[in-house]
Amino acid sequence: MFQLVELTPDLEEAFDSYWSEWKKSGEEIIPSASDKGERAYPEFLAFLNEGKTDAIRQRGWVPATLYFLADENHRLYGAIHLRHELNDALFSIGGHIGYGVRPSERRKGCATKMLALALEKAREQHLKHVLLTCDKNNTASARTIIRNGGMLENEVQSSERVTQRYWIEL
Numbered sequence: 005m006f007q008l009v010e011l012t013p014d015l016e017e018a019f020d021s022y023w024s025e026w027k028k029s030g031e032e033i034i035p036s037a038s039d040k041g042e043r044a045y046p047e048f049l050a051f052l053n054e055g056k057t058d059a060i061r062q063r064g065w066v067p068a069t070l071y072f073l074a075d076e077n078h079r080l081y082g083a084i085h086l087r088h089e090l091n092d093a094l095f096s097i098g099g100h101i102g103y104g105v106r107p108s109e110r111r112k113g114c115a116t117k118m119l120a121l122a123l124e125k126a127r128e129q130h131l132k133h134v135l136l137t138c139d140k141n142n143t144a145s146a147r148t149i150i151r152n153g154g155m156l157e158n159e160v161q162s163s164e165r166v167t168q169r170y171w172i173e174l
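Counting in my numbering, the sequence shown runs from 5 upward without gaps.
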């Protein structure tokens, strides 16, 4: 039984396992909002809580909530960042939702399930449709988005990559 959860003090050990696995992989942690960096866990929780409020606008960001896909044993499988609105940069290439699955749990359907649950959270935020983007070369992410109702609107070329922009009607 999977559910989306926000981090709490009692999930510190589960988060440390999640975060350590990403660090050991040598990959960039996706979404970047789930990378605590040098912060202690309590500081990271405070940062995430601030991120859900208008106070985060002072940093040039939009309010957003970070959720984790967890099982009944509190194992964290992936993280999904739901932005409550879009600014110009997010509208262009970032989107409402960014997600990533820990390396050991990929190719098991976690991303598809996590996105489906996040779409319910987006409905609770009264969003009517959400924008998701992915690198054109990331076919696994594109399949996840399409499985959840994503319709490709267009592709945006930047100097380094092509970003595909998908909309999901809620």
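For each residue, glycine too, the CB sits at the ideal point set by N, CA and C.
Asked                                                                                                : Found
Paired residues, beta bridge with Trp171 - DSSP                                                      : Leu135, Met155
Enclosing alpha helix (DSSP H) for Thr69 [first to last residue]                                     : Note, Thr69: premise wrong, no alpha helix (DSSP H); beta strand (DSSP E) at 68–74.
The segment 96–114 contacting the segment 65–83, beta-carbon criterion three pairs below 8 angstroms : yes
Counterpart residues of Arg87 in DSSP-defined beta bridges                                           : Ala68
Distance between Lys40 and Lys132 (C-alpha atoms, nearest Å)                                         : 31 angstroms
Contact with chain D by Glu25, beta-carbon distance below 8 angstroms                                : The structure shown has no chain D; it contains just one protein chain.
Beta-carbon proximity of Ile97 to Thr167, cut-off 8 angstroms                                        : yes
Leu8 - containing beta strand (DSSP E), residue span                                                 : 7–9
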